[in-house]
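Chemist: Quick one: the structure is below, and I'll ask about it shortly.
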Amino acid sequence: MTCLDQYRAALDGMLASVDIPVQLLDDGVPDYISHSMIDEYYNAVLLSIVNSSLATVPIRRRGSVCDEYVVPGWNELVSDKHRYARDAFLRWVTAGKPRHGPELLRMQQTRAAFKLAYRYCQQHDVQVRADVSANRLLHKDFKGFWDSIRKFNNNKATVYANAVNGVSGEKNITNMWKEYYEQLYNTSNNSDAQKLFQSNLSYYKDSSPDCVISLSDVLVACEKQKKGKAAGLDGIQMEAFIFGSKRLMVHVCLLFNLFVKYCYMPHNFMSSVIVPLVKCKTADLSDVNNYRAIVVSNAFSKLFESVIADQFKVDADGDEYQFGFKAKHSTGICTNVLKRTVEYYTSRGSHVFCSFIDFSKAFDKVNYWKLFSKLLGDGINSKLVQLLAFWYSNQQLCVRWHNTYSGKFTVGNGTKQGGVLSPYLFTRYIRDLLNTISNMRIGCNIGGLFINVLAYADDLVLMAPSWSAMQQMLNALYTQVSLLDMSCNIHKTVCMNFKPANRSRLVSDVFPLFKIGSCDIQFVSEFKYLGHVLDNRMNDDGDIYREIKNLFIRTNVLLRRFGKCSVSVKLLLFKSYCLCMYDTALWYSHTKASLNKLRSCYNRCVKLFFGFGRSYSLTQTYLELRLPTFDTVLVNNSFRFEQCWRRSPNILVRHLDNIL
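Take the sequence shown: its position 479, counting from 1, is numbered 495 in the working numbering, and each next residue is one higher.
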């Protein structure tokens with residue numbers, strides 16, 4: 017019997033003794049009694065999971081305390097030799113520890129082989145790690161490969177941050193983060209919005225049908241969960257549910273239905289931890305703005321969010337302008353819509369003004385009371401919205417920095433970055449903003465369809481062929497942003513003026529600065545939008561140079577870490593890292609010189625990584641390696657993008673295909 021079978025058997029035995037509060041299935045139970053019984057039931061199920069896991073699942077030591085005992089390559093190079101050496105040593109001891117003879121000789125030989133392999137792993141730490149990772153990739157163990165790569169890259173870059181925002185010391189930094197996030201997540205004035213929500217809730221409450229979560233809903237949501245994710249404050253991994261028994265799923269289903277019925281959740285269920293993660297490891301690690309707050313929730317709450325997620329997916333007007341968090345949409349498709357719209361106008365002798373809007377802490381400043389009122393208006397079940405309101409208004413967060421936890425604090429605004437529901441909630445929150453701008457009937461218009469605003473999550477761009485139209489849209493944007501309790505980051509919000517291709521149609525080289533409120537927006541000649549470098553001349557040379565730089569960086573990283581691996585492993589790594597050139601299909605206008613530089617860069621990287629001399633024949637190189645040439649890579653990327661473009665269900669994409 018495997019440990020998983022033992023875990024299921026132990027869990028079934030413990031859950032069999034858990035009392036189900038059947039009286040809660042009837043109406044008329046007072047809140048203080050129902051809440052107490054739900055707490056007891058939830059804690060009993062949770063305790064059963066914890067105890068059965070501790071009793072049956074082997075505990076693996078983790079953390080910095082055990083790092084010194086971890087030997088890279090032990091399983092692959094040392095473990096067999098260690099086992100032979102130990103067996104030979106025990107036989108030598110059993111024989112009375114003779115000073116000569118075959119037992120002593122075998123013990124000495126096996127010990128020498130073990131020490132030699134162990135010493136090799138210690139002296140070639142980097143190379144052994146690279147070989148182990150590459151062999152995992154070669155044997156199609158993709159999860160193990162990427163796990164080893166993340167560990168090898170030391171994604172916990174915060175260990176190098178000795179001071180943050182002028183504060184040093186692990187405990188002091190943790191408290192600083194607590195004060196920072198407590199202030200950030202309590203910036204909105206919620207009193208009026210909360211009263212409006214309560215008023216709307218009383219109106220919709222009687223008309224909404226009962227919301228029942230079936231066992232199949234829980235099973236389907238559980239199958240979608242991913243293994244190997246971080247555990248929440250309760251310490252329970254998602255694997256406890258994935259490999260749990262059917263009896264556990266029944267209890268989970270009952271709990272979820274009780275949550276919805278009584279619009280209540282236990283406090284431990286709603287507790288989460290914030291982990292500040294570094295945005296750019298090469299930037300200043302002491303700058304608080306170089307960190308992104310990721311909220312790690314309990315596995316129980318993640319499962320519940322997955323169960324009810326489909327209830328919050330509503331197709332409505334304005335969604336065609338949102339490209340983020342949607343299937344068959346991508347940054348490349350969004351950027352291509354922008355470029356084709358600009359090209360349509362500039363080729364016909366018109367200016368195009370584009371304002372790239374950057375919101376300040378967009379996800380963190382969401383006024384969730386206003387969000388819940390919008391959800392009620394969409395027809396979302398009022399019980400679910402009321403439960404969500406209880407969850408968000410009563411949740412408590414703490415901050416983890418290294419191995420130190422801060423005290424807990426309440427949250428007055430914001431959606432959890434990393435939560436299952438957060439993408440749907442945020443896109444719904446700014447949908448009215450997109451609708452307001454798109455319905456103004458000004459800005460870029462192609463074939464009767466206005467393409468005047470595009471959004472990828474919180475990355476927003478406005479497009480207009482005239483200065484006055486753009487200013488009107490910015491005024492409307494400012495009004496809507498104020499209504500949403502959000503704000504624009506003026507320092508990162510910029511504007512570009514795309515000039516007409518026919519120079520005789522040029523109106524002016526210089527235009528007055530646009531304004532958002534009382535703040536000016538600066539004009540720029542180049543901007544990096546969704547990873548793609550845009551130029552006001554519609555020239556793609558800047559983006560090609562970006563790709564040249566990235567290709568050299570990726571090749572140097574591979575060369576440093578996997579330079580001594582076998583050719584077959586190198587081929588897999590090179591195809592994974594270096595053939596996925598970003599949005600090359602969007603290069604419409606560029607010089608031959610820049611493309612030749614990228615071609616030379618690609619050829620140079622191939623020869624460097626695979627150890628060919630500079631004078632070695634390129635044709636022979638690609639024939640021996642069976643790698644695609646640079647031109648083939650471009651053609652393949654263009655073909656794949658064209659397939660994605662044609663499969664996209666977005667209305668704007670379909671309209672552009674029909675018109676252009």
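Yeah, the Cβ is synthetic: ideal placement off N, Cα and C, and Gly gets one too.
Note that this is a predicted model, so its numbers are computed, not measured.
Identify, in the order they occur along the chain, each residue of the same chain with its Cβ nearer than 6 angstroms to the Cβ of Arg122, setting aside the five sequence neighbours on each side.
Modeler: As a position in the sequence shown, residue 122 is number 106, starting the count at 1. Excluding residues within five positions, the ones whose Cβ falls inside 6 angstroms are Ala104.
Chemist: Applying the criterion that 16 or more other CB atoms from any shown protein chain within 10 Å of the CB defines a buried residue, is Cys19 buried or exposed?
Modeler: As a position in the sequence shown, residue 19 is number 3, starting the count at 1. Exposed is the call here.
Chemist: What are the residues that DSSP puts in a beta bridge with Arg308?
Modeler: Within the sequence shown, numbered from 1, the residue matching residue 308 stands at position 292. For Arg308, which the question treats as bridged, DSSP gives the partners Leu293.
Chemist: DSSP has Lys9 in a bridge; who is on the other side?
Modeler: The displayed coordinates of the chain run from 17 to 676. Any statement about residue 9 would go beyond what the structure contains.
Chemist: Helix or strand or just coil, what does DSSP make of Asn171?
Modeler: Residue 171 sits at position 155 when you count from the first residue of the sequence shown. The predicted model places Asn171 with a pLDDT of 49, which falls under 50 and marks its position as unreliable, so this point remains unresolved.
Chemist: Less than 8 angstroms between the C-beta atoms of Cys414 and Lys399, yes or no?
Modeler: Taking the sequence shown and counting its residues from 1, the one referred to as residue 414 is at position 398. Taking the sequence shown and counting its residues from 1, the one referred to as residue 399 is at position 383. Not in contact: Cys414 and Lys399 (Cβ atoms no closer than 8 angstroms).
Chemist: Got a sec, what are the start and stop residues for the beta strand (DSSP E) Asn566 sits in?
Modeler: By 1-based counting over the sequence shown, the position of residue 566 is 550. No beta strand (DSSP E) holds Asn566; the alpha helix (DSSP H) holding it covers Asp557 to Phe578.
Chemist: For Ile532 versus Ile569, is the C-beta distance shorter than 8 angstroms?
Modeler: Indexing the sequence shown from 1 puts residue 532 at position 516. Indexing the sequence shown from 1 puts residue 569 at position 553. No.
Chemist: Are the beta-carbon atoms of Tyr472 and Gly340 separated by less than 8 angstroms?
Modeler: Here residue 472 corresponds to residue number 456 of the sequence shown, with the count starting at 1. Here residue 340 corresponds to residue number 324 of the sequence shown, with the count starting at 1. The beta carbons of Tyr472 and Gly340 sit closer together than 8 angstroms.
Chemist: Tell me which same chain residues have a C-beta within less than 6 angstroms of the C-beta of Asp250, skipping the five on either side of it?
Modeler: Walking along the sequence shown from the start, residue 250 turns up at place 234. Close CB contacts of Asp250 within its chain, under the 6 angstroms cut and outside five residues either way in sequence, are with Asn314 (chain order).
Chemist: Can you tell me where the beta strand (DSSP E) holding Ser371 begins and where it ends?
Modeler: Within the sequence shown, residue 371 is the residue found at index 355, counting from 1. Per DSSP, Ser371 belongs to the beta strand (DSSP E) from Val368 to Ile373.
Chemist: Would the segment 461-475 count as touching the segment 426-435 if we require 3 or more Cβ pairs under 8 angstroms?
Modeler: No, they do not touch.
Chemist: Considering only C-alpha positions, which residue in the set His283, Asp300, Val304 and Ala299 is nearest to Pro292?
Modeler: To locate residue 292, count along the sequence shown from 1; it is residue 276. Relative to Pro292, the option among His283, Asp300, Val304 and Ala299 whose CA is nearest is Val304.
Chemist: Kindly identify the DSSP beta-bridge partner or partners of Phe539.
Modeler: Looking up residue 539 in the sequence shown gives position 523. Answer is Cys511.
Chemist: Does the Cβ-Cβ distance between Lys381 and Thr203 come in under 8 angstroms?
Modeler: Within the sequence shown, residue 381 is the residue found at index 365, counting from 1. Within the sequence shown, residue 203 is the residue found at index 187, counting from 1. Cβ distance < 8 angstroms, so Lys381 and Thr203 count as in contact.
Chemist: Measure the CB-CB distance between Leu387 and Arg444 and report whether it falls below 8 angstroms.
Modeler: Locating residue 387 in the sequence shown gives position 371, counting from the first residue. Locating residue 444 in the sequence shown gives position 428, counting from the first residue. Against a cut-off of 8 angstroms, the Cβ pair of Arg444 and Leu387 comes out as a contact.
Chemist: What is the DSSP secondary structure of Met479, counted as helix, strand or coil?
Modeler: Here residue 479 is taken as the residue at index 463 of the sequence shown, counted from 1. Three-state result, Met479: strand.
Chemist: Mark Asn410 as exposed unless 16 or more other C-beta atoms lie within 10 angstroms of its C-beta, in which case mark it buried.
Modeler: What you label residue 410 is simply residue 394 of the sequence shown in a count that begins at 1. That one is exposed.
Chemist: What residue range is occupied by the uninterrupted beta strand (DSSP E) comprising Ala471?
Modeler: What you label residue 471 is simply residue 455 of the sequence shown in a count that begins at 1. Following the DSSP letters along the chain, one finds Ala471 inside the beta strand (DSSP E) bounded by residues Val469 to Tyr472.
Chemist: Measure from the alpha carbon of Arg576 to the alpha carbon of each residue in Cys370, Arg115 and Cys621, then state which is nearest.
Modeler: Counting from 1 along the sequence shown, the entry for residue 576 is found at position 560. Ranking Cys370, Arg115 and Cys621 by Cα distance to Arg576 puts Cys621 first.
Chemist: Which residues share a DSSP beta bridge with Leu550?
Modeler: Residue mapping note: residue 550 aligns to position 534 of the sequence shown, counting from 1. Here Leu550 is bridged, per DSSP, to Phe543.
Chemist: Let me check one thing: in DSSP terms, what residues is Ser184 bridge-paired to?
Modeler: Residue 184 sits at position 168 when you count from the first residue of the sequence shown. In the DSSP assignment, the residues bridged to Ser184 are Ala179.
Chemist: Apart from the five residues just before and just after Val692, which ones in its own chain have a Cβ nearer than 6 angstroms to its Cβ?
Modeler: The structure shown has nothing for residue 692, since the chain only spans 17 to 676.
Chemist: For Arg630, which three-state DSSP category applies?
Modeler: Locating residue 630 in the sequence shown gives position 614, counting from the first residue. Looking at Arg630 - three-state DSSP - the assignment turns out to be coil, as it is neither helix nor strand.
Chemist: Is it buried or exposed, Asn171, if we count other Cβ atoms within 10 angstroms and call 16 or more buried?
Modeler: Here residue 171 refers to the residue found at position 155 when the sequence shown is read from its first residue. With a pLDDT of only 49 at Asn171, under 50, the local geometry of the prediction cannot be trusted, and the value read off the model is given with reservation. Classification of Asn171: exposed, given that the 10 Å Cβ count is below 16.
Chemist: Is the separation between the beta-carbon of Leu641 and that of Leu567 shorter than 8 angstroms?
Modeler: If you number the sequence shown from 1, residue 641 lands on position 625. If you number the sequence shown from 1, residue 567 lands on position 551. Contact: no.
Chemist: Whole angstroms is fine: what's the gap from Asp374's alpha carbon to Asn419's?
Modeler: Position 358 of the sequence shown, counted from the first residue, corresponds to residue 374. Position 403 of the sequence shown, counted from the first residue, corresponds to residue 419. Straight-line Cα distance between these residues: approximately 34 angstroms.
Chemist: So, using beta-carbon positions, are Phe684 and Phe625 closer together than 8 angstroms?
Modeler: The question about residue 684 has no answer here: the residues shown for the chain are numbered 17 through 676.
Chemist: To which residues of the same chain is Phe539 closer than 8 angstroms at the C-beta, ignoring the five residues directly before and after it?
Modeler: Walking along the sequence shown from the start, residue 539 turns up at place 523. Taken in chain order, the residues that qualify are Val510, Cys511, Met512, Asn513, Phe527 and Leu529.
Chemist: Report buried or exposed for Asp394, applying the criterion of at least 16 other Cβ atoms within 10 angstroms of its Cβ.
Modeler: Along the sequence shown, read from residue 1 onward, the residue named residue 394 stands at position 378. With fewer than 16 neighbouring CB atoms inside 10 Å of its own CB, Asp394 falls in the exposed class.
Chemist: Which residue's Cα is closest to the Cα of Asn552: Ser287, Val358 and Arg107?
Modeler: Against the sequence shown, residue 552 aligns to sequence position 536. Of Ser287, Val358 and Arg107, the residue nearest in Cα terms is Val358.
Chemist: Given a cut-off of 8 angstroms on the beta-carbon distance, is the pair Ser317 and Ala237 in contact?
Modeler: Locating residue 317 in the sequence shown gives position 301, where the first residue counts as 1. Locating residue 237 in the sequence shown gives position 221, where the first residue counts as 1. No, the Cβ-Cβ distance between Ser317 and Ala237 is not below 8 angstroms.
Chemist: Does the distance from the C-beta atom of Tyr307 to that of Val294 stay below 8 angstroms?
Modeler: Working through the sequence shown from its first residue, we reach residue 307 at position 291. Working through the sequence shown from its first residue, we reach residue 294 at position 278. Contact flag set, yes.
Chemist: DSSP three-state label for Gly79, please.
Modeler: In the sequence shown, the residue the question calls residue 79 occupies position 63. Legend: pLDDT at Gly79 = 47, less than 50; position of this residue unreliable, no value from coordinates given.
Chemist: Can you give me the start and stop residues for the alpha helix (DSSP H) that Ile349 sits inside?
Modeler: Along the sequence shown, read from residue 1 onward, the residue named residue 349 stands at position 333. Residues Thr347 to Thr362.
Chemist: Within 10 Å of its beta-carbon, does Cys350 have 16 or more other beta-carbons around it, so buried, or fewer, so exposed?
Modeler: Locating residue 350 in the sequence shown gives position 334, where the first residue counts as 1. When all chains shown are included, Cys350 counts as buried.
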